[in-house]
Amino acid sequence: EAEVAQSPRYKITEKSQAVAFWCDPISGHATLYWYRQILGQGPELLVQFQDESVVDDSQLPKDRFSAERLKGVDSTLKIQPAELGDSAMYLCASSPGQGPEKLFFGSGTQLSVL
Amino acid sequence: KQEVTQIPAALSVPEGENLVLNCSFTDSAIYNLQWFRQDPGKGLTSLLLIQSSQREQTSGRLNASLDKSSGRSTLYIAASQPGDSATYLCALEDTGRRALTFGSGTRLQVQP
């Protein structure tokens, strides 16, 4: 069964360092999402792509976060510099991009900033 | 801004019990509503999706209902099993926004 792939699974970094997360959506899925989930809370949208274009990045802290999906397939989310408050689970999800549809989530990257 | 609330935050029941999880939302102009399951430290799995024109969806022992006028959805789990232990989250897709707004979830534990 097709899955959304994310790496790394865990990342520990020190404050002020740069970190990057990678996501490969299900083949053929046009829409890709990055969500951040703080322990005990629901996921919150960071950025939404439709193919290679950003549809919504209104909640992305653009002073330190960047996201790209250059060829409309896989995507990278970067944080520089990382802050203590960035410790969270970073989840990638994809959907076919047509009509009301289920989202398919990856297993996430658990980030700890020390 | 859409706000999604799930009560209770945690629930513990004995195996075999039927149970209901609640989700309320503030803006009835929704495109669809989804219920997800999340195991500890893992991603989310979509369980049921209800389009705005629908009232309910069923999958196996799960039944989800939607009442837009009252701003509520419920997830009914029949004959609960220890394997149902997980966090259940509801999420709404607003008309026009096309991204999900999540509740904080209900952490369910089914005791053997």
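Quick mapping for you: the protein sequence lines, in order, are chains A and B. Heads up: the first sequence begins at 250 in the working numbering, then just goes up one per residue. Heads up: the second sequence begins at 103 in the working numbering, then just goes up one per residue. Beta carbons: idealized from backbone N, C-alpha and C, even for Gly.
Query: Of the listed residues A:L340, A:A267 and A:E301, nearest to A:G277 (C-alpha basis); Result: A:E301
Query: Burial state of B:P110, where buried means 16 or more other Cβ atoms lie within 10 Å; Result: exposed
Query: Interface partners of B:L123 on chain A, CB under 9 Å; Result: Neighbours of B:L123 on chain A: none; closest Cβ ~14 Å, over 9 Å.
Query: Neighbourhood of B:R163 by C-beta, 7 Å cutoff - its chain only, sequence neighbours within 5 removed; Result: I179, A180 and A181
Query: Beta carbon proximity, A:D305 to chain B, threshold 8 Å; Result: yes
Query: Residue of B:K103, B:D141, B:T128 and B:T107 minimising C-alpha distance to B:Q211; Result: B:D141
Query: Neighbour list for A:K351 in chain B, Cβ cutoff strictly below 8 Å; Result: Q136, S148 and L151
Query: Cα-Cα separation between A:D273 and A:A267, rounded to whole angstroms; Result: 21 Å
Query: Proximity of A:T358 and A:R285 at Cβ, strictly below 8 Å; Result: no
Query: Short-range partners of chain B found in the region 275-286 of chain A, where Cβ spacing is below 9 Å; Result: T280, Y282, Y284 and Q286
Query: Separation of B:S155 from B:T128, as counted between CA atoms; Result: 18 Å
Query: Cβ of A:F314 within 8 Å of any chain B Cβ; Result: no
Query: Interfacial residues, the region 290-304 of chain A to chain B, with Cβ spacing under 8 Å; Result: Q290, G291, P292, E293, L294, Q297 and V304
Query: Supposed contact pair A:T325 and A:E332 - C-beta distance, whole angstroms, cut 8 Å; Result: That belief does not hold up - the Cβ atoms of A:E332 and A:T325 are roughly 19 Å apart, past 8 Å.
Query: B:G145 at chain A interface by Cβ criterion, 8 Å; Result: yes
Query: B:A188 versus B:T203 - alpha carbon distance; Result: 20 Å
Query: Through-space distance from A:E350 to B:G145, alpha-carbon basis; Result: 17 Å
Query: Runs of alpha helix (DSSP H) wholly within the region 168-197 of chain B (minimum 4 residues, chain order); Result: none
Query: Nearest candidate by alpha-carbon position, reference A:Q299, set A:L319, A:F354, A:L288 and A:F270; Result: A:L319
Query: Cβ separation of B:L168 and B:S175, assumed to be a contact under 8 Å, to the nearest whole Å; Result: 5 Å
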